[in-house]
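Visitor: Please read through the structure below; I'll follow up with questions.
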Ligand code: DLZ
């Protein structure tokens, strides 16, 4: 489903487990920081609202989305961290840079997750315009940071349940 048809912050039909005791890393890209800062704020707020305590949220920064994967790997190496949320924003430009970055992050996040057997959440906005990114970072389509936080809690709970 297109995110323009779904509000990324609407969890009315979803059961969210209690995140108490979960330790969550957040890696945020500094490129497009006005967007990624809003994603980070949404993710932190949603984690807190769902039981994760402030001391268990570890926020780190990398220069751009391309570096999210390595940042996630560093956090995954900490055995006390249950899950890592990657937050970035890549806006389509005139060159193929967009495609290379998006593909690298998608593949990298998957690889790190499987390598460390921990959820690594793909909180990357990949949009054609700045407006579309604003709409999805606390605007009319909600906040992808909220969605990433809920996904993180649900995946940690899934792992803990098995
Ligand atoms: C270079 C670059 C470009 C053109 N666009 C973006 C972008 O839209 N979003 C983003 O997060 N990062 C971008 N970057 C920076 C790369 O992710 C990376 O930091 C640099 O290529 C250095 O490896």
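Numbering (the numbering used here), first residue to last: -5 to 156.
Even for Gly, the Cβ is constructed at its ideal location relative to N, Cα and C.
Report yes if the C-beta of residue 103 is less than 7 Å from at least one heavy atom of the ligand DLZ; otherwise report no.
Guide: Because no heavy atom of the ligand DLZ lies under 7 Å away, the Cβ of residue 103 does not count as near it: no.
Visitor: Short of 8 Å in beta carbon distance, which residues of its chain neighbour residue 68, apart from the five on each side in sequence? Order them along the chain.
Guide: 54.
Visitor: Please give the ranges of any beta strand (DSSP E) in the stretch 84 to 146, keeping only runs that are unbroken, at least 3 residues long and fully inside the region.
Guide: Here the runs fully enclosed are 114 to 121, 131 to 133.
Visitor: Any heavy atom of the ligand DLZ closer than 7 Å to the beta-carbon of residue 26?
Guide: Answer for residue 26: yes, Cβ within range of the ligand DLZ.
Visitor: Could you check whether the stretch 129 to 136 touches the stretch 100 to 107, counting it as contact only if at least three pairs of C-beta atoms, one from each stretch, sit closer than 8 Å?
Guide: As far as the Cβ criterion goes, the stretch 129 to 136 does not touch the stretch 100 to 107, which means the pair count is below three.
Visitor: Give the DSSP bridge partners of residue 20, in chain order.
Guide: DSSP lists 53, 79 as partners of residue 20.
Visitor: By alpha-carbon positions, which one of 48, 24, 94, 4 ends up nearest to residue 13?
Guide: Among 48, 24, 94, 4, the Cα nearest to that of residue 13 belongs to 48.
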